[in-house]
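What follows is a single structure, written as structure tokens, with notes after it.
Protein chains: 4
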Amino acid sequence: MQRLRVGILGATGAVGQQFVRLLERHPWFDVTAVAASARSAGRRYRDAVQWISGGAIPDSVADLEVVEAGQSLPVDLVFSGLDASVAGAIETGYAEAGVAVLSNARNHRMKPDVPLLIPEVNPDHAGLIDRQGFPPGGMIVTNPNCATVGLVCALKPLVDAFGVETVQVTTMQAVSGAGYPGVPSLDILGNVIPFIGGEEAKVETEPLKILGRFDGEVVTPLDARVSAQCNRVPVLDGHLASASIGLGRRATVAEVLAALRAFRSPLHDLGLPSAPERFLDVTEDDRYPQPRRHVDAGGGMTVSVGRVRACPVLDVRLVALVHNTVRGAAGGAILNAELLVHQGRIRARNQP
Amino acid sequence: MQRLRVGILGATGAVGQQFVRLLERHPWFDVTAVAASARSAGRRYRDAVQWISGGAIPDSVADLEVVEAGQSLPVDLVFSGLDASVAGAIETGYAEAGVAVLSNARNHRMKPDVPLLIPEVNPDHAGLIDRQGFPPGGMIVTNPNCATVGLVCALKPLVDAFGVETVQVTTMQAVSGAGYPGVPSLDILGNVIPFIGGEEAKVETEPLKILGRFDGEVVTPLDARVSAQCNRVPVLDGHLASASIGLGRRATVAEVLAALRAFRSPLHDLGLPSAPERFLDVTEDDRYPQPRRHVDAGGGMTVSVGRVRACPVLDVRLVALVHNTVRGAAGGAILNAELLVHQGRIRARNQP
Amino acid sequence: MQRLRVGILGATGAVGQQFVRLLERHPWFDVTAVAASARSAGRRYRDAVQWISGGAIPDSVADLEVVEAGQSLPVDLVFSGLDASVAGAIETGYAEAGVAVLSNARNHRMKPDVPLLIPEVNPDHAGLIDRQGFPPGGMIVTNPNCATVGLVCALKPLVDAFGVETVQVTTMQAVSGAGYPGVPSLDILGNVIPFIGGEEAKVETEPLKILGRFDGEVVTPLDARVSAQCNRVPVLDGHLASASIGLGRRATVAEVLAALRAFRSPLHDLGLPSAPERFLDVTEDDRYPQPRRHVDAGGGMTVSVGRVRACPVLDVRLVALVHNTVRGAAGGAILNAELLVHQGRIRARNQP
Amino acid sequence: MQRLRVGILGATGAVGQQFVRLLERHPWFDVTAVAASARSAGRRYRDAVQWISGGAIPDSVADLEVVEAGQSLPVDLVFSGLDASVAGAIETGYAEAGVAVLSNARNHRMKPDVPLLIPEVNPDHAGLIDRQGFPPGGMIVTNPNCATVGLVCALKPLVDAFGVETVQVTTMQAVSGAGYPGVPSLDILGNVIPFIGGEEAKVETEPLKILGRFDGEVVTPLDARVSAQCNRVPVLDGHLASASIGLGRRATVAEVLAALRAFRSPLHDLGLPSAPERFLDVTEDDRYPQPRRHVDAGGGMTVSVGRVRACPVLDVRLVALVHNTVRGAAGGAILNAELLVHQGRIRARNQP
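Structure representation (structure tokens):
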């Protein structure tokens with residue numbers, strides 16, 4: 000297969016850096032362009048970035064010259080880690096120029112013709128791309144909010160098996176979800192902050208679109224209600240969601256566990272490089288999953304589920320853990336791109 | 000008023016130490032006896048205890064000789080921080096000997112004739128004491144589990160104003176709730192543990208008894224269902240509860256806020272030394288309450304409530320914060336004792 | 000005594016907020032003016048400040064209108080928590096206008112005619128004020144860097160008793176030393192950063208001036224060498240310094256302990272409101288002092304010293320702990336002002 | 000090469016678990032026996048162990064039956080993670096039975112005929128084994144205290160190039176160094192403990208032996224003095240050492256950096272499976288090394304060195320970081336075993 004040329008928008012930010020790290024030695028994609036704000040443009044990436052991880056910047060990217068986001072890029076697709084304050088128009092610009100845009104920004108997520116995509120959950124929603132009307136190669140595909148992802152992945156088997164009508168979820172979210180510099184240490188050391196701006200609205204709406212039904216024309220959201228309370232906790236990586244779920248039909252805990260375990264990822268056998276061996280890792284050890292101990296399961300792409308038990312108020316309770324900067328952000332977008340390559344929707348453009 | 004002689008059971012443990020600290024310079028009570036396991040008996044308190052707080056042991060207690068818990072004590076009342084593995088029989092023994100027992104242990108909490116008492120919430124439940132049948136002066140009165148307290152205090156005004164039918168609560172609990180040495184740092188640094196053994200059952204049952212109706216003979220539990228998910232977080236002090244509540248009748252957020260703010264503590268004007276100026280502290284600042292910043296409100300006796308808002312699944316949501324080792328343990332027991340002294344139920348026994 | 004009118008420069012910053020908190024209910028000083036950058040000017044303090052502590056803003060200050068720092072202020076003295084990038088000229092301006100400036104900024108600290116003052120250590124250095132040449136009432140007096148203070152307070156008795164020639168010190172410093180937002184949580188959670196920009200140079204030079212001899216004209220620095228390595232650790236408040244010290248003459252550990260314990264604060268009996276009961280708290284408990292457990296000793300104004308023992312390389316080792324935002328910043332400046340009021344150097348100006 | 004049969008002593012403890020993890024899929028060694036206290040004996044490893052890491056227990060070990068440490072084992076070598084309270088006699092017993100003992104315990108470290116071995120530093124000290132007098136195959140070889148290792152690895156190039164006469168070191172040590180349950184979270188959250196029992200004595204003596212000269216008969220310790228102050232910090236893994244060093248002859252910072260960079264590991268080209276690609280990783284980025292960001296360099300076997308600069312008191316300063324449970328414990332012992340296999344000192348015994 001011909002390797003694809005990839006640009007990263009917002010490449011110097013926290014999400015952008017995660018794209019750079021995860022795409023190092025990717026078997027299909029080569030990072031050939033990095034774009035950021037005008038302030039960074041014209042500098043080498045290694046000079047423009049404040050590299051967070053402490054490790055080495057991948058050589059292939061370190062010496063690239065940063066261009067201003069919005070400028071024409073000789074690439075087949077871009078991953079966008081742009082800030083929401085600027086992402087909207089810039090991403091649309093690239094799509095109109097025939098570039099596939101895989102965006103982690105929230106701007107386009109809820110638009111009717113934009114897929115809000117988790118490959119194992121709603122791969123068919125990619126069909127919305129056909130309705131976007133961009134020139135050949137142009138498209139906008141989004142991945143969900145980092146706290147949404149873990150919850151939705153855990154819900155999907157239950158939606159399929161029993162239906163889901165109500166969800167009460169309280170999240171405990173890692174500081175890396177706020178980017179860099181993000182959460183001041185004075186705010187979070189030994190503390191919990193019971194509020195994350197804008198987060199609850201996303202967790203209450205995005206799942207309904209993702210779990211909705213695509214009829215070839217539009218996505219009809221899942222007919223359910225989600226109540227979310229989002230907390231920041233002094234954890235580095237890994238959003239934990241504690242959920243109670245009202246099912247469409249009664250089910251025993253054993254049936255719920257069986258449904259979670261029986262769920263078969265539609266990516267199985269597709270050979271997508273970033274697809275984890277196990278989509279869901281279900282445990283019956285009461286102490287698990289824990290962010291620090293399980294966040295890296297499946298290279299950060301596996302969602303861990305535990306504490307499945309009956310709920311005295313709704314029907315069933317569970318805890319879901321997702322790596323917020325891998326599966327919940329850059330890794331999710333990369334897997335989306337891999338799916339679209341597999342579907343033939345993303346391919347190499349004519350070299351300029 | 001004659002000062003009362005106080006013994007502390009389990010005085011060398013984490014809760015016992017908190018009793019010692021909070022009773023230093025108490026205007027009504029003098030700690031005149033400390034009891035612990037046979038291993039500590041016969042040693043001076045200062046030698047027997049591994050003093051956690053880092054400050055100085057109160058002089059009046061430091062030189063007391065530790066006696067074995069269960070031995071006869073020349074005191075008017077005892078506070079019990081005994082471990083549940085031994086608390087049951089020992090506490091009963093003291094009550095049978097005519098000593099008032101104020102217990103933080105779970106053993107007797109759910110017994111029909113034992114008050115599970117929060118003075119501002121159910122002071123009338125103290126009437127159960129008359130049905131215990133112990134000799135004069137003998138009684139067992141318990142305070143609730145530390146995670147229960149914050150939730151119940153926040154629910155009380157809603158029960159009174161609207162009724163409460165269902166509660167979904169996810170707690171984020173401090174490590175001090177597990178005592179000392181308690182939670183290993185290897186388990187909790189940068190982590191969340193989605194399980195606390197035995198805790199959820201307590202949070203699901205104790206509120207119903209506390210919020211129940213006492214008719215002079217028995218307590219009829221509140222007819223409601225509570226679903227609790229309890230998490231340990233890397234916080235020192237302060238249990239945060241994120242709750243969704245189904246009310247008995249519809250109410251707006253404004254009405255709920257008004258009910259919380261209008262709630263008048265029955266302790267107002269009683270002059271109990273440990274009663275905080277404000278029973279509930281209600282904030283509309285989205286970022287609050289936070290454990291580290293607000294746990295010490297009212298000397299640790301005030302419960303802080305925030306994020307009151309509508310719930311898409313049940314009716315209303317809120318967050319409540321309680322100081323788990325003060326209001327939620329030793330401080331709660333001391334306030335219970337003060338109420339009982341005020342009611343005339345605890346008084347000085349004849350000196351031996 | 001006539002109360003003095005106080006202004007706070009940089010009042011919205013972290014140090015400025017600490018001034019506001021510590022001056023609430025001060026028996027001598029009234030905060031009557033708050034100054035900050037042009038961005039905040041014209042707004043009420045309560046609206047301009049992002050109040051860090053979580054508690055309530057003192058009422059007397061909350062409604063003051065913020066003026067731009069540098070503007071004329073009808074006050075007797077100002078406390079400056081200005082950023083070093085602007086502090087120099089602004090502070091000089093106030094002194095030239097006849098206002099006493101008590102500064103926490105580093106700009107003027109090492110100037111020959113500016114006292115770098117710790118009241119218990121070098122109160123006579125206040126005499127430098129007479130050489131500043133400002134109009135009546137005008138002066139600039141500084142307090143040292145927060146990491147310097149703990150070390151110098153522990154060294155002072157040794158300088159007096161034995162002389163000090165060399166100091167090797169490694170600090171472990173709290174995040175509050177970096178202000179707000181300060182250290183990103185992504186950098187410090189579960190981590191140590193072995194570098195704090197500019198800090199080591201201050202810790203290596205400021206002690207020599209403070210411990211130097213003032214002959215009525217100039218301060219001759221202590222003839223000693225200090226080697227400092229400064230680390231940031233995930234602690235909220237409290238800088239810990241681990242030091243090895245080469246003495247001017249040999250001394251046993253017992254002699255060093257005796258010297259530390261025998262040191263008599265020159266503030267004793269002066270009745271300065273912010274002077275702690277104990278200047279130094281010396282412990283022989285190996286586990287202490289610890290930041291979280293002892294930082295608040297003496298209301299944050301006591302320096303705790305422990306682990307005094309022989310050193311195989313130099314002569315003696317010890318550990319010193321200081322509350323970096325109280326004794327090491329705002330509290331130190333306030334105590335300086337109290338000393339100068341006591342000395343008659345600061346007094347009420349004619350009311351305008 | 001014939002694979003070797005390995006036993007693990009103290010297999011259920013924290014160090015023992017680390018041996019199990021690091022030996023999974025080892026190319027030379029098969030774990031065929033696990034030994035622990037009598038309490039665990041007779042149970043399957045998976046049932047006897049409280050597995051700390053949260054991941055899965057390696058299958059090949061999980062079903063082994065735990066035997067009591069001290070019992071005869073059909074193995075070629077044992078790794079000992081035994082507690083010092085029992086390690087001495089048990090380890091000697093295995094050596095007398097002709098088994099090679101690679102011990103992480105402190106008991107035998109300072110004995111004249113026991114190598115205290117770091118393969119890159121003093122591989123020739125293995126020659127001491129010939130003087131132990133155990134039956135063929137029997138030997139005791141120890142690895143140093145976890146805080147000693149990082150310091151010694153950083154000192155070695157300086158000893159070779161310039162000589163080292165004095166060392167002042169302050170350590171900031173991770174909680175994993177205390178095993179499990181180890182440090183209570185109530186002691187270390189947001190805190191520093193300026194004391195670790197017994198640690199300073201080890202750090203002051205072990206380096207002298209390791210860096211000493213072996214003349215074929217005895218090891219003459221390095222003629223130097225080390226002063227150590229050991230602190231516990233809220234870090235999971237990674238001991239950071241901040242050191243000032245007095246050299247045997249003057250050297251510029253550039254020369255010291257050059258010596259550190261030029262040091263050639265004697266393991267280079269030997270093909271030992273656990274030897275890292277780089278023995279030392281030297282950085283000139285002031286912010287590094289940091290425990291959380293660099294502890295896993297070289298799979299935890301690389302020692303990171305930074306902040307090399309002149310010292311106003313001694314000659315040169317630096318910071319060294321070591322993974323305390325890998326290079327500083329189990330990984331170090333495994334590398335020792337690999338060296339001894341390479342040297343022909345450990346080989347397969349006749350199968351029983």
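Protein chains in written order, with numbering that gives the first Met the number 0: chain A, 0 to 351; chain B, 0 to 351; chain C, 0 to 351; chain D, 0 to 351. Positions of the beta carbon are idealized from the N, C-alpha and C atoms, including for glycine.
{"Asked": "Identified DSSP bridge partners for residue 113 of chain B", "Found": "Bridge partners of residue 113 of chain B: none, in fact."}
{"Asked": "Residues from the segment 44-66 of chain B in contact with chain C, defined by Cβ distance under 8 Å", "Found": "52, 53, 54"}
{"Asked": "Residues in the segment 284-304 of chain D having any Cβ partner in chain A nearer than 7 Å", "Found": "287, 289, 292, 293"}
{"Asked": "Of the listed residues B/53, B/35, B/49, B/112, nearest to residue 86 of chain B (C-alpha basis)", "Found": "B/35"}
{"Asked": "Beta bridge counterpart(s) of residue 172 of chain B as assigned by DSSP", "Found": "B/231"}
{"Asked": "Residue 157 of chain A to residue 123 of chain A span [Cα, whole Å]", "Found": "18 Å"}
{"Asked": "Under the three-state DSSP convention, the category residue 245 of chain B falls into", "Found": "strand"}
{"Asked": "Residue from C/131, C/189, C/101 with nearest C-alpha to residue 337 of chain C", "Found": "C/101"}
{"Asked": "Integer Cβ distance of residue 146 of chain A from residue 238 of chain A, believed to fall under 8 Å", "Found": "5 Å"}
{"Asked": "Among D/278, D/66, D/120, D/170, nearest to residue 213 of chain D - alpha-carbon criterion", "Found": "D/120"}
{"Asked": "Beta-carbon proximity check, residue 27 of chain A vs residue 340 of chain A, cutoff 8 Å", "Found": "yes"}
{"Asked": "Min CB distance residue 137 of chain D to chain A below 8 Å", "Found": "no"}
{"Asked": "Chain D within 8 Å of residue 193 of chain C, Cβ atoms only", "Found": "yes"}
{"Asked": "Same chain only: Cβ atoms within 7 Å of residue 366 of chain A, ignoring 5 sequence neighbours per side", "Found": "Outside the shown range of chain A, which is 0 to 351, sits residue 366 of chain A, and nothing can be said about it."}
{"Asked": "Short CB-CB distance (under 8 Å) between residue 239 of chain B and chain C", "Found": "no"}
{"Asked": "Within 8 Å, strictly: CB atoms of residue 278 of chain A and residue 301 of chain A", "Found": "yes"}
{"Asked": "Pairwise C-alpha distance: residue 133 of chain D and residue 110 of chain D", "Found": "15 Å"}
{"Asked": "Those runs of the beta strand (DSSP E) which lie wholly inside the segment 73-136 of chain A and span at least 3 residues", "Found": "76-79, 99-102"}
{"Asked": "Interface partners of residue 150 of chain A on chain C, CB under 9 Å", "Found": "By Cβ distance, chain C contributes nothing, its closest Cβ being about 24 Å from residue 150 of chain A, past 9 Å."}
{"Asked": "Segments assigned beta strand (DSSP E), at least 3 residues, entirely inside the segment 8-49 of chain A", "Found": "28-35"}
{"Asked": "For residue 181 of chain D, three-class secondary structure by DSSP", "Found": "coil"}
{"Asked": "Exposed unless 16 or more other CB atoms sit within 10 angstroms - verdict on residue 260 of chain B", "Found": "exposed"}
{"Asked": "The alpha helix (DSSP H) enclosing residue 59 of chain B, as first and last residue numbers", "Found": "58-61"}
{"Asked": "Host beta strand (DSSP E) of residue 326 of chain C (start-end)", "Found": "No beta strand (DSSP E) contains residue 326 of chain C, which DSSP labels as neither H nor E."}
{"Asked": "Residue 245 of chain B versus residue 276 of chain C: straight-line alpha-carbon distance, rounded", "Found": "54 Å"}
{"Asked": "Residue 125 of chain A beta carbon less than 8 Å from that of residue 114 of chain A", "Found": "yes"}
{"Asked": "Contact with chain C by residue 320 of chain A, beta-carbon distance below 8 Å", "Found": "no"}
{"Asked": "Residue 314 of chain D classed as buried or exposed, judged by whether at least 16 other C-beta atoms fall within 10 angstroms", "Found": "buried"}
{"Asked": "8 Å Cβ cut-off: residues of chain A touching residue 189 of chain B", "Found": "233, 234, 235, 290, 291"}
{"Asked": "Distance, residue 164 of chain D Cα to residue 247 of chain D Cα", "Found": "6 Å"}
{"Asked": "CB contact check: residue 310 of chain B to chain A, cutoff 8 Å", "Found": "yes"}
{"Asked": "Partner residues on chain B for residue 174 of chain D, Cβ-Cβ distance less than 7 Å", "Found": "184, 185, 188"}
{"Asked": "Min CB distance residue 69 of chain C to chain A below 8 Å", "Found": "no"}
{"Asked": "Beta carbon of residue 195 of chain A nearer than 8 Å to that of residue 151 of chain A", "Found": "no"}
{"Asked": "Closest by C-alpha distance to residue 172 of chain B, when choosing among B/160, B/207, B/185, B/199", "Found": "B/199"}
{"Asked": "Proximal residues to residue 12 of chain C (C-beta, below 6 Å), its chain only, five neighbours per side dropped", "Found": "80"}
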